[in-house]
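Chains as they are written, first to last, in our numbering: chain A, 1 to 589; chain B, 1 to 589.
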């Protein structure tokens, strides 16, 4: 059955680029959904076939090839529901609302949990009155303005668009088999790419309510085990002896579609094998989706940070993206659960094309995803009292919300400081420098003897202030940049907590309703006991995750503040030294 | 014969202050011109008598008691014209135009000499877009806005108004005899105060064209001799072995008119006698007028700098005025001709009331004023060729104009920098400091063990940035202030050069016209020779003055740049040390 789509926005094809001009409201027939890079191949009513931006169309909501329920491998995010009576879902509908709200209220993920009206909004960025004066040295300037692609659709919130074009035909490497991969999966009707699309169109689809886990009759027989130990700080994940790490480097430009589209391939070298593997951005994105599906209910998986990164020049953009991909990979490597997962290991250490292909297919068929990840968690301690579970949850919610505010405040003042340091401030030092030099020039025309010492000194002082202007303008890249990057990363990470905490909170609410459900015979008394036990497990997972977060946070902030202050000290000392040198040239005889 | 005056602007008397309400266009009879402090006592047509601001009225232009010509002591600025045929003046009328232009075109004293259209204007101050945001720590902010007195007349360019009120009746000290003094002089019809008024109303009156000197039949038999030697740098004044200096200190508030008006008295201690004398601002002003009358044609006498100084608080105002009076006195002390003059010595070293009174009267009757000061100048070298005289003059004109531009540029950028350093910049550092501290506060709520080291360090870093904010805000008072003061002083000094150079230029023009004057029998061939010789003397004086200026300039700029850079070095080093301290508190274990 042919998949149809509605055109949401007008799109004019670029000549010679194999694109298809479409009009808003037009109906298209999808001919190939596996183009990648934000493109879909479609045919219009006149029979013309060409590429259309994925975000410009809306696939028909009732995806015909999507299986109804119950069969394996069809809906990975729903997981192994087993013989659960799905009518129970109705009873949970009100309780699971927060999770849905979170997902749909994308602009303010904190709105469900918090009453603080000032929180969570990015309005500080937009209200900055100097916003338009930003110089071209400010990588943050594009943040509030959304994606800069010229022909981005007005409502395309979850933008798949990217500077990195994907290939239609593979140009070598493992991309060819990958395309085959997609074709194979399309036959199954639930492959990665279409899944991503359905995620985009039906927000929250994969974030099923925790009832799936809380009430499933028997837990999946997964070989995966995620033990939680009691550490000094409380529940902790199992940490490996040597921490996984990797280096993202050596971005290389490739092209495909007969040179029409180009892409960047990065080299990733893990410290375990020390053997580099190559990945394009779309593979990072694939990994992100897998991790989100698999761990998202228990572990905040930060988005790939690059969607909004732009650079005025391609090199700048590539460098920035690589730096942020490195940051993302480092964070993932540091996570004991994520780094130890099969899909993450596959990404870092696949041996060859076949290995990658097999692993990829396997990962996409993984059933222990969504809330079912909790079924693999094995706390060593005894079950927690539901009241304690709730208190912990509230505490984490408050903390992450407050930290989100704090981080955003730093980003706001940092952004303003960046603009001042790269804009008006160096201009002013330059003008001071010029004024000294101009006065010096005047003095040289005095015709008075013994003028040279002063004019030389005054010129040197003027040049010093011009140098200071440059130091001031360049400094943010040396220190503020890292402070901003770290806080930006934390902003992204903290933005995942409402979802993670939301799943937890929904679980707590379910347990609270257990008595009512028992009374109405929706669940058995044994189900209620099981639910309480499982919510305790969820709480251990959340606590382990929070402790992981805190430990990383303390390290990260110590590190970035050290770096920031170290560079600031150097900066001020350099200026002082330059001025001391300038001072020494003046003399009052 | 009673002196009449027209009221220029409406003025409403302040109750109980002995003032007289007057209307624009009203005719008043002056009953006492010697009130001082910018006040004049007058009677209206209804017979009411009271004080009226001097600048709100215009004295009748034909001052009836003013002697026609030729008599001694009557017109000090005209000097001893002797038996000069005054009809010669007519012949000079066109040539003396520049001098008149200069005086009347007060807003742009450079307009006569220069073609650069950007020069000489203060528009930079006014066009500053941030001008309205100035904080209260900015002593420059009032500069472009003119005198802040609330009821200043709209056209009162030469404002005598002052925060320091003068007494009607002396409250002790030498002020009583001073009033008597004025009364005595009024009888003579040409005393200092009325002279000042006439100067205000007839700009350029005392700056008679150089023909008075160039053509007078015999030079005044003044005991004063101002030799000019040939130094290494060219013609130089005769410098004393020890340089005169004085300290202006210890401002004391007094009051008079039954407490209605108050004044500040300063203590001035010269290094020669080491014996303090007291003077009020009006005495400085009297001295300034004497020096301007006497030396203004040859030596730029900078205005008392205080007219436009304001402070938000009286203390700030008094401190600033004292600092600038000190600067003015120091400059006068450093000038070999000024400091050695009888009137200046009187000001600094009068022994008692009687001494002051006698000296004052004598100074006011001094006939060697205006261009006649050149008659006392005795160059040791041979006469200069008129071409060389003209070249020198042009050079000085160009230089002083160019330096005026350079100085104004520094004042403009300095002013902007001042505003940034006292306004937005410290606010930003404060916000950075607050953001760090806020994040630290959030971190303390984590409930995670081992948080304290980071939160303490982060709080300390935040406080450090708040301290930096304060350092930044206070710094301009420590360095930029002096750079601005020096340049402001030079701006004032340079503003006098057009007049001084103007007299010289007019002299040169006269000499150029000499042949024509001889041909039309306006002057004799001998007169022409005399004129050339006297212009040469004028040139020696101008060169000596320029060399004096250059020498002082080199010293002043070296000194102020040393001070500025020294404080800047300290500033940056202090910040670096504070940040190093903050840095040391972070740890990555």
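Ideal placement from N, C-alpha and C gives every residue a C-beta, glycine not left out.
Within chain B, the residues whose beta carbon sits less than 9 Å from that of residue 431/A are 409, 412, 413, 416, 417, listed in sequence order. Residue environment for residue 414/B: buried (at least 16 other C-beta atoms within 10 angstroms of its C-beta).
Here DSSP, grouped into helix, strand and coil, assigns residue 2/B to coil. Residue 267/B is bridged by DSSP to 249/B, 278/B. When the beta-carbon positions are compared, residue 282/A and residue 407/A stay at least 8 Å from each other. Using a Cβ distance threshold of 8 Å, residue 3/A and residue 30/A count as a contacting pair. Around residue 583/A, the beta-carbon contacts reaching into chain B at under 9 Å are 561, 562, 564, 565, 566, 568, 569. Here the alpha carbon of residue 563/B sits roughly 11 Å from the alpha carbon of residue 580/A.
For residue 438/A, the chain B residues whose C-beta falls within less than 7 Å of its own C-beta are 406, 409, listed in chain order. In this structure, residue 497/A and residue 400/A form a Cβ contact; the two beta carbons are roughly 4 Å apart against a cut-off of 8 Å. By alpha-carbon distance to residue 233/A, the top candidate from 584/A, 543/A, 585/A, 586/A is 543/A.
By DSSP's assignment, residue 235/A forms a beta bridge with 230/A.
Under DSSP, residue 210/B takes part in no beta bridge, so it has no partner. For residue 554/A, the closest Cβ of chain B is nearer than 8 Å. Per DSSP, the beta bridge partners of residue 262/B are 255/B. Listed along chain A, the residues sitting closer than 7 Å to residue 445/B by beta-carbon distance are 399, 402. Under the three-state reduction of DSSP output, residue 32/A falls in the strand class.
Pairing residue 28/A with residue 43/A gives a Cβ-Cβ distance under 8 Å. For residue 450/B, the chain A residues whose Cβ falls inside 8 Å of its Cβ are 233, 554, in order along the chain. A Cβ-Cβ distance of about 4 Å is found for the pair residue 461/B and residue 582/B, placing them in contact under the 8 Å criterion.
Judged by pairs of C-beta atoms under 8 Å, the stretch 256-276 of chain A does not touch the stretch 470-480 of chain A, as fewer than three such pairs exist.
Neighbours of residue 572/A across chain B, judged by C-beta separation under 8 Å: 572, 573, 575, 576, 579. Interface criterion not met: the Cβ of residue 34/A is under 8 Å from no Cβ in chain B.
Nearest to residue 39/B by alpha-carbon distance, out of 488/B, 18/B, 553/B, is 18/B.
Bridge pairing for residue 554/B: absent [DSSP].
Counting every other CB atom within 10 Å of its CB across the protein chains shown gives residue 558/A a total of 16 or more, marking it as buried. Ranked by how close their Cα comes to the Cα of residue 527/B, the residues 216/B, 10/B, 46/B, 6/B have 216/B in first place.
By the Cβ criterion, the stretch 426-433 of chain B is not in contact with the stretch 444-456 of chain A, since fewer than three pairs of Cβ atoms, one from each stretch, lie closer than 8 Å.
The shortest CA-to-CA distance from residue 507/B to any of 380/B, 532/B, 237/B, 518/B is the one to 532/B. Counting other Cβ atoms within 10 Å of its Cβ, residue 25/B stays below 16 and is therefore classed as exposed. For the pair residue 529/A and residue 512/A, the Cα-to-Cα distance works out to about 12 Å. Close partners of residue 457/B in chain A (Cβ separation under 8 Å): 558, 561.
For residue 240/B, there is no enclosing alpha helix (DSSP H), as DSSP marks it with neither H nor E. Against chain B, the beta carbon of residue 442/A has neighbours under 8 Å at 399, 402, 403, 405, 406, listed in chain order.
Contacts with chain A at 8 Å (Cβ-Cβ) do not include residue 469/B. Taken atom to atom, the span from the alpha-carbon of residue 578/B to that of residue 323/A is near 31 Å.
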